[in-house]
Amino acid sequence: MNEQVLGILMRIAHPESDKNIVALGMVEALNVTPERISFSLRFGKPRDPFASAIKRQCEQALRQEFPGRAVEVALLFAEAQPMQPAAKRPATHTPAAPKNIRYTVAVMSGKGGVGKSTIAANLSISLAQRGYRVGLIDADIYGPSIPKMFGVEDAKPLLNGQEKIIPVEKYAVKVLSIGFFVKPGDPLIWRAPMATSALKQLLLQAEWGELDFLLIDMPPGTGDIHLTLLQELKLTGVVVVSTPQQVALADALKGINMLSSANIKTRILGVVENMAWFTPAELPQNRYYIFGKEGGRQLAHDRQLALLGEIPIVQSICDSGDSGTPAALSDGLPKAAFDTLTENLLEQLNMA
Ligand code: ADP
């Protein structure tokens with residue numbers, strides 16, 4: 002199937018070259034499933050005037066050949082786009098992030114149980130579906146739930162020849178979790194001091210290869226561990242997750258204040274309002290505001306942050322997380338909400 006897709010893409014040339022886009026090595030991370038075809042087109046310059054036209058040509062050719070299948074083409078350029086003012090431009094290479102990782106984004110929440118891991122898991126899959134090369138670190142020392150959400154609880158990551166940890170790959174996402182290395186019964190007192198060193202190890206001593214995104218599912222809260230992690234990691238930015246409930250919003254605000262403080266100054270990419278309303282599967286138009294209405298939207302507005310997404314409470318989000326097949330994998334209401342979140346995040350990074 003991959004060959005068939007590549008065969009079609011070989012008919013498309015870059016106008017500045019007489020070679021086709023496959024021969025030019027522009028097609029990356031091709032992923033073909035019965036539902037969708039996704040890949041990235043890599044361009045050698047920061048802005049290629051032919052990028053949109055080539056993307057459109059690819060989409061048209063593939064949709065014609067594979068009707069009914071979704072086609073997703075991500076555009077990758079040689080450097081971060083110079084459209085933002087210099088001061089706002091995200092740092093792509095930071096001291097504590099390996100050079101092979103373009104954007105390191107932490108997913109944080111003030112309060113536990115608001116859906117931080119659910120957002121991190123689905124966001125990582127949604128980015129991978131767009132053809133980006135994605136890694137996900139589960140650094141939630143209090144309750145590492147990413148292995149369960151990806152159905153890889155029993156995985157034992159191996160070491161390569163250079164003693165680097167090889168991430169476990171599932172749904173085109175490279176996953177490493179503190180849960181792979183800490184036994185569920187280990188007391189918390191051992192875990193907290195381990196968090197910083199373990200996370201740095203997962204970040205720096207793993208075989209990530211080239212990544213466009215490395216997402217970090219952080220431990221909930223705004224304590225000392227977070228301060229240390231944020232000071233040492235120097236991230237591209239942070240996504241803050243909250244429910245619209247007042248207690249969750251108050252804790253999210255503490256987190257935002259911490260991130261904005263002078264000694265951290267980490268860019269906040271935006272707020273995700275999770276559990277924004279309840280929608281029963283049989284009545285997709287109905288919205289019941291169980292935890293309050295638009296609290297996350299208001300928080301984003303008050304702090305002049307982007308509202309990246311509003312994710313409803315849907316039973317399938319919970320069920321699919323428990324069964325190791327996150328909701329972003331299958332079509333429907335939750336996937337659409339995660340798609341919007343992903344597009345908004347890409348826009349914040351000037352990649353849309
Ligand atoms: P956290 O990482 O913040 O502790 P989790 O992502 O583990 O939170 O989510 C807590 C629980 O809520 C999980 O059982 C998860 O499946 C469920 N959940 C999270 N978001 C949603 C949602 N939008 N709809 C339904 N269930 C959700």
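Counted the way our numbering counts, the sequence shown spans residues 2 to 353. Glycine is no exception: its CB is placed at the ideal position from the N, C-alpha and C atoms. Fair warning: this is a prediction, and the values are worked out from it, not measured in the lab.
| Neighbourhood of Arg134 by C-beta distance below 7 Å, restricted to the same chain and skipping five residues each side | Along the sequence shown, read from residue 1 onward, the residue named residue 134 stands at position 133. Closer than 7 Å at the Cβ level, and outside the excluded window around Arg134, lie Ala30, Glu211, Leu212 and Asp213.
| Of the residues Ile142, Trp209, Ala251 and Gly162, which one's Cα is nearest the Cα of Ser198? | Sequence index remark: in the sequence shown, residue 198 carries index 197 (1-based). With respect to the C-alpha of Ser198, the residue from Ile142, Trp209, Ala251 and Gly162 having the closest C-alpha is Ile142.
| With 16 other CB atoms within 10 Å as the buried threshold, where does His94 fall? | Translated into positions along the sequence shown, residue 94 becomes position 93. Confidence at His94 is low in this model, with a pLDDT of 39, below 50, so the placement of that residue is unreliable and no value is reported for it.
| field | Contact check, Leu309 vs Gly256, beta carbons under 8 Å | value | Here the question's residue 309 lines up with position 308 in the sequence shown. Here the question's residue 256 lines up with position 255 in the sequence shown. For the 8 Å CB-CB criterion, Leu309 and Gly256 do not form a contact.
| request: Taking Ser331 as the reference, give the member of Leu25, Glu36, Lys20 and Asp19 with the closest Cα. | output: Stepping through the sequence shown from its first residue, residue 331 is reached at position 330. Residue Glu36 is the option with its Cα nearest to Ser331.
| field | Contacts around Ala251, its chain only, beta-carbon distance under 8 Å, and the 5 residues preceding and following it disregarded | value | As a working note, residue 251 is residue 250 in the sequence shown. Gly111, listed in sequence order.
| Stretch-stretch touch, CB-based, cutoff 8 Å, three pairs: the region 284–304 with the region 122–138 | Between the region 284–304 and the region 122–138 there are fewer than three inter-stretch CB-CB distances shorter than 8 Å, so the stretches are not counted as touching.
| field | Gln163 to Gly136 span [Cα, whole Å] | value | Within the sequence shown, numbered from 1, the residue matching residue 163 stands at position 162. Within the sequence shown, numbered from 1, the residue matching residue 136 stands at position 135. One Cα belongs to Gln163, the other to Gly136, and the distance between them is close to 20 Å.
| Check: Pro145 C-beta below 7 Å from any heavy atom of the ligand ADP | In the sequence shown, the residue the question calls residue 145 occupies position 144. Result no, Cβ not under 7 Å from the ligand ADP.
| query | Okay, do the region 73–80 and the region 38–58 touch, 3+ Cβ pairs below 8 Å being the bar? | reply | Yes, they touch.
| message | Pull the bridge partners of Gly310 from the DSSP assignment, please. | response | Numbered from its first residue, the sequence shown carries residue 310 at position 309. According to DSSP, Gly310 bridges with Val273.
| Nearest residue (CA-CA) to Pro327, options Gly116, Leu300 and Phe44 | Here the question's residue 327 lines up with position 326 in the sequence shown. The candidate whose alpha carbon is nearest that of Pro327 is Gly116.
| query | Is the beta carbon of Leu177 sitting closer than 8 Å to the one on Ala207? | reply | Within the sequence shown, the letter at position 176 stands for residue 177. Within the sequence shown, the letter at position 206 stands for residue 207. It is a contact, given that the beta carbons lie within the stated cut-off.
| Classification of Ser41 by the beta-carbon crowding that lies within 10 angstroms, buried from 16 upward | Sequence index remark: in the sequence shown, residue 41 carries index 40 (1-based). Under this definition Ser41 is a buried residue.
| message | Buried or exposed, going by whether 16 or more other CB atoms sit within 10 Å of the CB of Tyr290? | response | Translated into the one-based positions of the sequence shown, residue 290 becomes position 289. It is exposed - the Cβ of Tyr290 has fewer than 16 other Cβ atoms within 10 Å.
| request: Starting from Gly297, trace the alpha helix (DSSP H) both ways and give me its first and last residue. | output: Residue 297 sits at position 296 when you count from the first residue of the sequence shown. It spans Gly296 to Asp303 - the alpha helix (DSSP H) in which Gly297 sits, taken as one unbroken run.
| Quick one: does the C-beta of Asn275 sit closer than 7 Å to a heavy atom of the ligand GTP? | The ligand GTP is not part of this structure, which contains only the ligand ADP.
| field | Cβ-based neighbour list, Val52, same chain, cut-off 8 Å, excluding 5 preceding and 5 following | value | Mapped onto the sequence shown, residue 52 falls at position 51. In the sequence as presented, Val is not what sits at residue 52; that position holds Ala. Cβ neighbours of Ala52 beyond the five flanking positions: Leu42, Phe44, Leu76 and Phe78.
| said: On the DSSP letters alone, give me the boundaries of the beta strand (DSSP E) that Leu216 sits inside. | reply: Counting from 1 along the sequence shown, the entry for residue 216 is found at position 215. Looking at the DSSP string, the run of the beta strand (DSSP E) that includes Leu216 is Leu212 to Asp218.
| For Ala249, which of Asp19, Gly113 and Pro47 has the nearest alpha-carbon? | In the sequence shown, residue 249 corresponds to position 248, counting from 1. Closest by alpha carbon: Gly113.
| said: Just to confirm before moving on: does the CB-CB distance between His253 and Leu300 stay below 8 Å? | reply: Indexing the sequence shown from 1 puts residue 253 at position 252. Indexing the sequence shown from 1 puts residue 300 at position 299. What sits at residue 253 in the sequence shown is Ala, not His. Between Ala253 and Leu300, the C-beta gap is smaller than 8 Å, which places the two residues in contact.
| query | Taking C-beta to C-beta, are Ile102 and Leu200 nearer than 8 Å? | reply | In the sequence shown, counting from the first residue as 1, residue 102 sits at position 101. In the sequence shown, counting from the first residue as 1, residue 200 sits at position 199. Not closer than 8 Å, so no.
| request: If I'm right that Asn345 touches Ile312 with Cβ under 8 Å, what's the distance once you round it to whole angstroms? | output: For the purposes of this step, residue 345 is taken as the residue at position 344 of the sequence shown. For the purposes of this step, residue 312 is taken as the residue at position 311 of the sequence shown. Not a contact, Cβ separation roughly 12 Å.
| field | Reduced DSSP category for Lys175 - H, G, I as helix; E, B as strand; rest coil | value | Position 174 of the sequence shown, counting from 1, holds the residue named residue 175. DSSP places Lys175 in strand when its eight states are reduced to three.
| task | Please say whether Val241 and Ile265 have beta carbons closer to each other than 8 Å? | result | Looking up residue 265 in the sequence shown gives position 264. Looking up residue 241 in the sequence shown gives position 240. The answer is no: Cβ separation not under 8 Å.
| field | Where the alpha helix (DSSP H) containing Thr229 begins and where it ends | value | Taking the first residue of the sequence shown as 1, we reach residue 229 at position 228. Judged by DSSP secondary structure, Thr229 falls within the alpha helix (DSSP H) whose first and last residues are Asp225 to Leu234.
| query | With a CB to CB cut of under 6 Å and the five nearest residues on each side skipped, what residues in its chain are close to Phe181? | reply | Here residue 181 refers to the residue found at position 180 when the sequence shown is read from its first residue. Only Pro158 meet the Cβ criterion.
| said: Counting C-beta neighbours from all protein chains within 10 Å, is the total for Pro281 16 or more, i.e. buried, or is it exposed? | reply: Taking the sequence shown and counting its residues from 1, the one referred to as residue 281 is at position 280. Around the CB of Pro281, fewer than 16 other CB atoms lie within 10 Å, so the residue is classed as exposed.
| query | Does the Cβ of Gln349 have 16 or more other Cβ atoms within 10 Å, making it buried, or fewer, making it exposed? | reply | Locating residue 349 in the sequence shown gives position 348, where the first residue counts as 1. With 16 or more other Cβ atoms within 10 Å, it is buried.
| request: For Ser118, verify whether its CB is less than 7 Å away from any heavy atom of the ligand ADP. | output: Reading the sequence shown from its first residue, position 117 is the one you call residue 118. Yes.
| Buried/exposed call for Pro83, threshold 16 Cβ in 10 Å | Against the sequence shown, residue 83 aligns to sequence position 82. Because the pLDDT of Pro83 is 39, which lies under 50, any placement of that residue in the model is unreliable, and the question is left without a value.
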